[in-house]
DNA sequence: GACTAAGCGAGACGGTACGTCGCGTCTTAAA
DNA sequence: TTTAAGACGCGACGTACCGTCTCGCTTAGTC
């Protein structure tokens, strides 16, 4: 029992550092961005030794990703709204809002280059964000197929890319605004291609 | 005439360093990527003083961008193929090929974070790549409108984002393949929404 | 006790770098002089990072001064030789020897311009060398006054300047030799003015 | 005749640069000292190409010395004042004034290290300043010997060093003031040793 | 009065060293 | 045993001047 309580105490102690580090990271990400983030700065702000940071995360990028992941874990299931259009708009707009209005947009911009450079990082992002979004799109599409709104041979992966690609394109490359209208317009542009009864443009 | 030849001679001298630097950069980008690129390394490889590099480019990122831009200046006008589908596929596939098969893909991955961090860099990319692609899409769409293939109230910017967003999404985030089929499938997914006679999904 | 041994261990570790740096500096001062001394070179020779050098000394001049000070800390008290003449000759000759025969002469030549340019450096030299020599001259003069050899109203500062000024004048400006005779002749030239019973030349 | 006038005109053109460079050097010596002096800065201030500076002086130190020498060429002969004391005070005080009140003090401080490092520089200083002062001291002493004021076996070199050593010692090392009293007190301390009828302290 | 070469301004260049930053590792003392 | 504290080796940064080197322009002085 004392061992257990010790463990508990130890965990708490460990968590105190961990929480302090994450909080410091979050603050510094807001203040100076991923680019300006330094392990040294995080440790100082958290009142923690650099070694303690390194013991838990391999690099400032992993640290930034950890913070980013905590924010995006809000990818919640979209309730049944009765029609696929509203559901997709709701879902896509969730991403638009997070990327456009919160810290996450800047963090994403700062981290994206690291996804390619650092295998672990990219994998973590794909597994925890990309694949979850894909899964949710799949769920919504399948529900819509059952409703008869959407063709049954739809390529979910492609749809998912068509929905989110433009969002990230604006965030990362074109500098376009991430506003409410965006989600709606993207969804409206994609739907005609997957509506039940619609034909592939090619077949036309 | 003597003025011209003098200019040429002068240019040649100036260019000798410039060319050497760009070539060294290209080699190093292949070997170590944007992340591993250092001004020091470029200067050494080019047989040039560090100061000479800094005299022409403010940072290794600008240098990398310069190399990248030389590669993408191949965004050439798509000839009239008689139908918008083939034209768009040709155009989009140009980007897919460059990003998927050449150095440019890796360079893009490495630079994208800097577009947000460095105003000049982002501006240069937007003005020299994004806006040129947008202009070409506009040209193609307008031609298609004249042909009666496409609705006349199409939002060109959005179409452009729908076409290229998924490409970059794969390159930067999902890790999906950039293959020949990609361009075709994206175009076929986008066309239904802009075909003449098509209705907004919403109106349905 | 454990605290002490710990302190000692800690000192040893810290000192390892410090000693290596000072030794490298000493060697390089001999080889290339103050002028040719570079922090980069010192660090390389000492097998130490440049930052480690900068952590301890602000500039190569401070470093050179540190070496110089270790050498001149030999300004030891002159024993009672029974007469002021022998005592002063002994004392002045100490400086002549160090400046003429050891590295210190060259280091002094190299550093002297920095004493004026760098407040800290000049202050360190004045406090650790000049004032110690002045104090020793004062002690000797006072002893001689007690013996009745020297007038009691002697201006010790001036005497000190008359004794050492010519030495440095040779070292730095005239290029004259620093030999054994020098100390003797300077002392013999200065003594008549301060002998008990002597009168100021003016009073004559 | 045309050749001559050509030479003259050419000289004038050459002199225009030379004068501009020296004037710029003088200004910059006042503003930033020898330490802060750069060939680049001098050329810019003089509105002259760097090459033009290098064509005339080998280094910024030679340039600084050139300026310094123009200022000290005022070492003029001391008139016969009837007694050696007043003559020496006048002479020594000339140096005290120049070193204490004009730019020359700071320039000397900045150049002195270069006298040892640069053979040409040291030689120029010794030949144009030191030896001229020595010659003047010799002239004064010889006149005083004829007057019967001073012993005939005086070591002029030593006297010269005793007179000027303390001045430079203050300027360069001790930081003591260079005021009117200094010349007088040094002379009064040195004279007893060389007065006619005086004996070497040793002989006592 | 046109021609030519010498001298010049301008400034790019290769180079050395600067002093700084942050990395990730390692050591120590305290808890 | 874990931690805070922080020194360390390291690599690269971007800067300052160095002294050398073209490059055309200006400008005498010659033909």
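Chains as they are written, first to last, in my numbering: chain D, 5 to 208; chain F, 5 to 208; chain S, 5 to 208; chain E, 5 to 208.
Every residue, glycine too, gets a C-beta built ideally from N, C-alpha and C.
message: So if DSSP puts residue 154 of chain F in a beta bridge, which residue, or which two residues, is it bridged to?
response: Here the question's residue 154 of chain F lines up with position 150 in the second chain. In the DSSP assignment, the residues bridged to residue 154 of chain F are F:199.
message: Quick check: the Cα distance between residue 175 of chain F and residue 35 of chain E, rounded to an integer number of angstroms?
response: Against the second chain, residue 175 of chain F aligns to sequence position 171. Against the fourth chain, residue 35 of chain E aligns to sequence position 31. Approximately 58 Å, taken between the alpha carbons.
message: Tell me the DSSP secondary structure of residue 190 of chain F in three-state form.
response: In the second chain, residue 190 of chain F corresponds to position 186, counting from 1. If DSSP states are grouped into helix, strand and coil, residue 190 of chain F belongs with the helices.
Cα-Cα separation, residue 56 of chain D to residue 68 of chain D: The residue you call residue 56 of chain D lines up with position 52 of the first chain. The residue you call residue 68 of chain D lines up with position 64 of the first chain. Computed Cα separation, rounded: 16 Å.
- prompt: Going by Cα to Cα distance, which pick from F:74, F:138, F:95, F:27 is closest to residue 112 of chain F?
  reply: Along the second chain, read from residue 1 onward, the residue named residue 112 of chain F stands at position 108. The option with the nearest alpha carbon to residue 112 of chain F is F:74.
message: Considering only the alpha carbon of each residue, which of S:48, S:22, S:84, S:77 lies closest to residue 148 of chain S?
response: If you number the third chain from 1, residue 148 of chain S lands on position 144. If we check each option's Cα against that of residue 148 of chain S, S:84 comes out closest.
- request: Give the straight-line distance between the Cα atoms of residue 132 of chain F and residue 38 of chain F, rounded to the nearest whole angstrom.
  value: For this step, residue 132 of chain F is matched to residue 128 along the second chain. For this step, residue 38 of chain F is matched to residue 34 along the second chain. Here the alpha carbons of residue 38 of chain F and residue 132 of chain F stand approximately 20 Å from one another.
Where the alpha helix (DSSP H) through residue 171 of chain D begins and ends: Counting from one through the first chain, the residue named residue 171 of chain D turns up at place 167. Unbroken alpha helix (DSSP H) run through residue 171 of chain D: 160-173.
query: Just to confirm, are residue 145 of chain S and residue 160 of chain S a CB contact at a threshold of 7 Å?
result: Start at 1 with the first residue of the third chain, and residue 145 of chain S comes out as number 141. Start at 1 with the first residue of the third chain, and residue 160 of chain S comes out as number 156. A contact, by the Cβ cut-off of 7 Å.
- request: Please list, in chain order, all residues of the same chain as residue 44 of chain F whose beta carbon is under 7 Å from its beta carbon, the five residues on each side excluded.
  value: Mapped onto the second chain, residue 44 of chain F falls at position 40. Closer than 7 Å at the Cβ level, and outside the excluded window around residue 44 of chain F, lie 54.
- prompt: Does residue 178 of chain E have its Cβ less than 7 Å from a Cβ in chain S?
  reply: Sequence index remark: in the fourth chain, residue 178 of chain E carries index 174 (1-based). Chain S places a beta carbon closer than 7 Å to that of residue 178 of chain E, counting this residue as a contact.
field: Spatial distance of residue 46 of chain F from residue 30 of chain S (CA atoms)
entry: Against the second chain, residue 46 of chain F aligns to sequence position 42. Against the third chain, residue 30 of chain S aligns to sequence position 26. For residue 46 of chain F and residue 30 of chain S, the distance between alpha carbons rounds to 36 Å.
task: Check whether the Cβ of residue 47 of chain D lies closer than 6 Å to any heavy atom of the ligand ZN, and answer yes or no.
output: The model depicted lacks the ligand ZN and carries no ligand whatsoever.
query: Along chain E, in chain order, which residues have C-beta atoms closer than 9 Å to that of residue 187 of chain S?
result: In the third chain, counting from the first residue as 1, residue 187 of chain S sits at position 183. Those within 9 Å of residue 187 of chain S in chain E number zero; the least Cβ separation is about 12 Å.
- prompt: Out of curiosity, what's the CA-to-CA distance linking residue 134 of chain E and residue 178 of chain S?
  reply: For this step, residue 134 of chain E is matched to residue 130 along the fourth chain. For this step, residue 178 of chain S is matched to residue 174 along the third chain. Distance from the CA of residue 134 of chain E to the CA of residue 178 of chain S, rounded to the nearest whole angstrom, comes to 6 Å.
task: Please check the pair residue 210 of chain E and residue 76 of chain E, which I expect to be a contact at CB under 8 Å, by giving their CB distance rounded to whole angstroms.
output: The structure shown does not extend to residue 210 of chain E, since chain E is modelled only from 5 to 208, so the question has no answer here.
Endpoints, alpha helix (DSSP H) assigned at residue 94 of chain D: Position 90 of the first chain holds residue 94 of chain D. 88-105 is the extent of the alpha helix (DSSP H) around residue 94 of chain D.
- prompt: Considering only the beta carbon of each residue, do residue 196 of chain E and residue 196 of chain S sit closer than 7 Å?
  reply: Translated into positions along the fourth chain, residue 196 of chain E becomes position 192. Translated into positions along the third chain, residue 196 of chain S becomes position 192. Result yes, Cβ atoms of residue 196 of chain E and residue 196 of chain S sit closer than 7 Å.
- request: Might you give, ordered along the chain, the residues of its own chain that have their beta carbon closer than 7 Å to the beta carbon of residue 128 of chain D, omitting 5 neighbours on each side?
  value: Here residue 128 of chain D refers to the residue found at position 124 of the first chain. Non-local beta-carbon contacts of residue 128 of chain D in its own chain, meaning distances under 7 Å to residues more than five positions away in sequence, involve 69 in chain order.
message: Taking CB distances under 7 Å as the criterion, tell me whether residue 117 of chain E reaches chain S.
response: Taking the fourth chain and counting its residues from 1, one reaches residue 117 of chain E at position 113. Between residue 117 of chain E and chain S, the shortest Cβ-Cβ separation is below 7 Å.
query: Taking 7 Å as the CB-CB limit, is residue 98 of chain F close to chain D?
result: Taking the first residue of the second chain as 1, we reach residue 98 of chain F at position 94. No, residue 98 of chain F does not count as interfacial toward chain D.
query: Taking just the CA atoms, how far does residue 25 of chain F sit from residue 6 of chain F?
result: Within the second chain, numbered from 1, the residue matching residue 6 of chain F stands at position 2. Within the second chain, numbered from 1, the residue matching residue 25 of chain F stands at position 21. Bear in mind that the predicted position of residue 6 of chain F carries a pLDDT of just 32, short of 50, making it too unreliable to give a figure here.
message: Let me check understanding here. Comparing Cα to Cα, which of D:186, D:59, D:172 lies closest to residue 116 of chain D?
response: Against the first chain, residue 116 of chain D aligns to sequence position 112. Relative to the Cα of residue 116 of chain D, the nearest Cα in the group D:186, D:59, D:172 belongs to D:172.
task: Taking residue 65 of chain F as part of the alpha helix (DSSP H), name the residues at either end of that continuous run.
output: One-based indexing of the second chain puts residue 65 of chain F at position 61. Where residue 65 of chain F is concerned, the enclosing alpha helix (DSSP H) stretches over 64-76.
message: Please report the distance separating the alpha-carbon of residue 182 of chain D from that of residue 27 of chain D.
response: Position 178 of the first chain, counted from the first residue, corresponds to residue 182 of chain D. Position 23 of the first chain, counted from the first residue, corresponds to residue 27 of chain D. For residue 182 of chain D and residue 27 of chain D, the gap between their C-alpha atoms comes out near 27 Å.
task: Would you verify that the beta carbon of residue 205 of chain F is, or is not, closer than 7 Å to some beta carbon of chain D?
output: Residue mapping note: residue 205 of chain F aligns to position 201 of the second chain, counting from 1. Here residue 205 of chain F scores only 45 on pLDDT, less than 50, and its place in the model should not be relied on; the value that follows carries that caveat. Output row for residue 205 of chain F: interface = yes.
- prompt: Can you tell which of E:71, E:96, E:48 has its C-alpha closest to the C-alpha of residue 168 of chain E?
  reply: Your numbering for residue 168 of chain E matches position 164 in the fourth chain. Selected option, being the one with the closest Cα: E:96.
- prompt: Beta-carbon of residue 225 of chain S versus every beta-carbon of chain E: anything under 7 Å?
  reply: Not covered by the structure: residue 225 of chain S. The range shown for chain S is 5 to 208.
task: Tell me whether residue 85 of chain E sits in a helix, a strand or coil according to DSSP, three-state version.
output: Here residue 85 of chain E is taken as the residue at index 81 of the fourth chain, counted from 1. In the three-state reduction of the DSSP assignment, residue 85 of chain E falls in the coil class, being assigned neither a helical nor a strand state.
message: Give me the residue from F:120, F:52, F:192 with the minimum Cα distance to residue 90 of chain F.
response: Indexing the second chain from 1 puts residue 90 of chain F at position 86. It is F:192.
- prompt: What whole-angstrom Cβ distance do residue 71 of chain D and residue 33 of chain D have, given they're in contact under 8 Å?
  reply: As a first step, residue 71 of chain D is located in the first chain; it is residue number 67 there, counting from the start. As a first step, residue 33 of chain D is located in the first chain; it is residue number 29 there, counting from the start. Right, their Cβ atoms sit about 6 Å apart.
task: Would you grab the beta carbon distance between residue 155 of chain D and residue 198 of chain D for me? Rounded to a whole angstrom, and I think it's under 8 Å.
output: The residue you call residue 155 of chain D lines up with position 151 of the first chain. The residue you call residue 198 of chain D lines up with position 194 of the first chain. Rounded to whole angstroms, the Cβ separation of residue 155 of chain D and residue 198 of chain D is 6 Å, and the two are in contact under 8 Å.
- request: Please classify residue 19 of chain E: does DSSP put it in a helix, a strand, or coil?
  value: Locating residue 19 of chain E in the fourth chain gives position 15, counting from the first residue. Residue 19 of chain E: helix per DSSP, three-state reduction.
- prompt: Excluding the five sequence neighbours on either side, which residues of its own chain have a C-beta within less than 7 Å of the C-beta of residue 106 of chain E, listed in chain order?
  reply: Along the fourth chain, read from residue 1 onward, the residue named residue 106 of chain E stands at position 102. Taken in chain order, the residues that qualify are 75.
- request: Give, in chain order, every residue of the stretch 21-47 of chain D whose Cβ lies closer than 8 Å to some Cβ of chain F.
  value: So the list reads 37, 38, 39, given in the order they occur along the chain.
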